[in-house]
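For reference, the structure is listed below as structure tokens.
There are 2 protein chains.
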Amino acid sequence: MAANNIINDTDANLNSLQGRVFTQIQNDILNGKYEPGDSLIETRLCEEMGVSRTPIREAIRQLELEGLVQSIPNKGAIVNGISTKDIDDIYKIRIVLEGIAARWATEKITDDEISELKNAVELQEFYTQKNDIEQLMKYDSRFHDLIYEASKSKPLMHTLSTFHHYVQRARNLSFGTPGRALNVLKEHEAILKAISDRNPDEAEKLTTEHVKNASINLIMQNPEKRKQL
Amino acid sequence: MAANNIINDTDANLNSLQGRVFTQIQNDILNGKYEPGDSLIETRLCEEMGVSRTPIREAIRQLELEGLVQSIPNKGAIVNGISTKDIDDIYKIRIVLEGIAARWATEKITDDEISELKNAVELQEFYTQKNDIEQLMKYDSRFHDLIYEASKSKPLMHTLSTFHHYVQRARNLSFGTPGRALNVLKEHEAILKAISDRNPDEAEKLTTEHVKNASINLIMQNPEKRKQL
DNA sequence: GGTTGTATAATTGTATACAATAATACAAAC
DNA sequence: GTTTGTATTATTGTATACAATTATACAACC
């Protein structure tokens, strides 16, 4: 029951109009509705979303900071998007960062948080058996988010949450491959055990392996499918 | 002469009014002018900086995304700042990320970029001998920025640039301790050699050690001085 | 004294107006 | 046919107006 209110950036600003606009455009970029090179015209976005320019502009400025668009003075914002190489790089970086997160989480996690983690894995197991990929991915994300939180490190949490969101589509693709879902579940169960055994070395090692496997699985994808990202 | 126009986020948006406002407030937070818990009143910032609310609001939204302020709907933005623990965490994360950056840079760096790197180290040596800490830190930053660029990885570049900016004040403190400047110079020279020898293993190892040393140096600081951060 | 209610002020949220800049179209010149 | 110049349009930059929300002050009440 504990930290159900502490959620990631993306969810947190869903209350404000500006926040929703930001999330919308960000997903539109990540999902390829706006492709690299496209220019984001403020008035067009206004009409499309039924809001004024102010929240649109604020959202664009945030996207600019994130590097998802490049904004040229007096000319406007052109979409940068994230490339296949960016995603590969993110996975390589995550190999070490997720490991660190698991270590720190193991050192600092509370009993309540362990319960939540267990709960997430159980639900993931349930939906893995049901073969419900959407729900399954939801609890996969939740598992990782809980570890970020448990690490009690704001910089780490922030960096990993952003990265995790960026590679969401890649994960989507990855979960489609036969057997992958079951492997992910097994790996999560092993990591959970290491954490609840309070074994940081093991937790870090297993998590590193886990992300490495995800990375390998992604790279082995059909290049044409990957292009769709 | 090459990539002198490719600079980090913070410098890039100094053209636009909004960009200057953002940089200003960000530094005011990092330098402690606005302390954690303070609330940023838009109209007050307007008067202070002589601009209208629009650029102020856009800047605040960016700070919100960065996590430097927390914005509560209809109530406004309160300063979060970064804690001593955040800085410690950033250093621990940088130990591995800077290592990766150095490895990737070594694998991908161009001859032009090596020249620039050499140039930066030479200027750093010059100002180390002159004991000009401000200039010295400028070329210390440049050295790292050039490595980020040379890594050719947008996600890595982005993450490390942000972190590097956040710990600027901490570095300031660190460079004040006797002998540190000379050690930093020696370490940079060794890293430069490894990179121009195209030895990724060595470059990564030396860079990891370099950040570790910086981290140790920081932690050994007088806790009272650290509190001033 | 403390609490509650209400009027006022302060502040943010959103939309829009106007100015400045850049893009476009099209005619005139060569 | 290509280029140049100019008028028009589109778009962004900045400021401001108005609405909605929240904070504050202060009196009335218990």
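As given, the protein sequences belong to chains A and B, one line each in that order.
Sequential numbering of the first sequence, starting at 1, is according to my numbering.
Sequential numbering of the second sequence, starting at 230, is according to my numbering.
Positions of the beta carbon are idealized from the N, C-alpha and C atoms, including for glycine.
Residue range 84–108 is occupied by the alpha helix (DSSP H) that includes A/I90. In this structure, the alpha-carbon of B/N309 lies about 35 Å from that of A/E189. For A/G76, the secondary structure class from DSSP, reduced to helix, strand or coil, is strand. Burial state of B/G328 is buried, judged by a 10 Å Cβ sphere holding 16 or more other Cβ atoms.
Counting the other Cβ atoms within 10 Å of the Cβ of A/L14 gives fewer than 16, which makes it exposed. Non-local C-beta neighbours of A/R53 in its own chain, meaning closer than 8 Å and more than five positions away in sequence, comprise E42, T43, C46, ordered along the chain. The alpha-carbon separation between A/I109 and A/T23 amounts to approximately 30 Å. In summary, A/D132 is exposed, with fewer than 16 beta-carbon neighbours lying within 10 Å of its beta-carbon over all protein chains present. Taking 9 Å as the upper bound on Cβ-Cβ separation, chain A lies near residues G248, F251 of the stretch 248–276 of chain B. With a threshold of 9 Å between beta carbons, A/Y166 makes contact with chain B. Remark: fewer than three beta-carbon pairs, one from each stretch, lie closer than 8 Å, so the stretch 55–62 of chain A and the stretch 178–193 of chain A are not flagged as touching. Counting other Cβ atoms within 10 Å of its Cβ, A/D112 stays below 16 and is therefore classed as exposed. Here the alpha carbons of A/K33 and B/E438 stand approximately 44 Å from one another. Contact of B/S382 with chain A by beta-carbon distance below 7 Å involves D89. In the structure shown, B/Q450 adopts coil according to DSSP, grouped into three states.
A Cβ-Cβ separation of about 7 Å places A/A77 in contact with A/E64 under the 8 Å criterion. B/I448 is classed as exposed because its beta carbon has fewer than 16 other beta carbons within 10 Å across all chains shown.
Cβ-Cβ distances below 6 Å link B/F372 to A349, H417 in the same chain, with the five nearest sequence neighbours on each side left out; the list follows chain order.
Among the residues of the stretch 299–318 of chain B, those with a Cβ less than 7 Å away from any Cβ of chain A are P302, D315, D318, in the order of the chain.
For A/T159, the chain B residues whose Cβ falls inside 7 Å of its Cβ are T388, in order along the chain.
Under the three-state reduction of DSSP output, B/V280 falls in the coil class, being neither helix nor strand.
When the alpha-carbon of A/L156 is set against those of B/G266, B/V325, B/I301, the nearest one is in B/V325. Counting only Cβ-Cβ distances below 7 Å, A/Q62 has contacts in chain B at R290, Q291, L294, in chain order. Taking the Cα positions, A/H165 is about 29 Å away from B/S370. Close partners of B/N244 in chain A (Cβ separation under 7 Å): P73. Spanning the alpha carbons of A/M49 and A/I25 requires a straight line of approximately 10 Å. The CB of A/E58 comes closer than 7 Å to the CB of R286, E287, R290 in chain B, given here in chain order.
Taking the Cα positions, A/G176 is about 25 Å away from A/Y148. With its beta carbon less than 9 Å from one in chain B, A/I93 belongs to the interface.
Of the candidates A/Q18, A/L17, A/L68, A/L68 places its Cα closest to the Cα of A/L40. Cβ neighbours of B/S403 within its own chain (closer than 8 Å, five residues either side excluded): R409, A443, N446, L447, Q450. Put simply, the backbone Cα of A/R103 is about 44 Å away from that of A/V51. Chain B places a beta carbon closer than 9 Å to that of A/L97, counting this residue as a contact.
Ranking A/S16, A/Q70, A/A101 by CA distance to the CA of A/T159 puts A/A101 first.
In this structure, A/L182 and A/T128 form a Cβ contact; the two beta carbons are roughly 6 Å apart against a cut-off of 8 Å. Pairing A/A170 with A/I87 gives a Cβ-Cβ distance under 9 Å.
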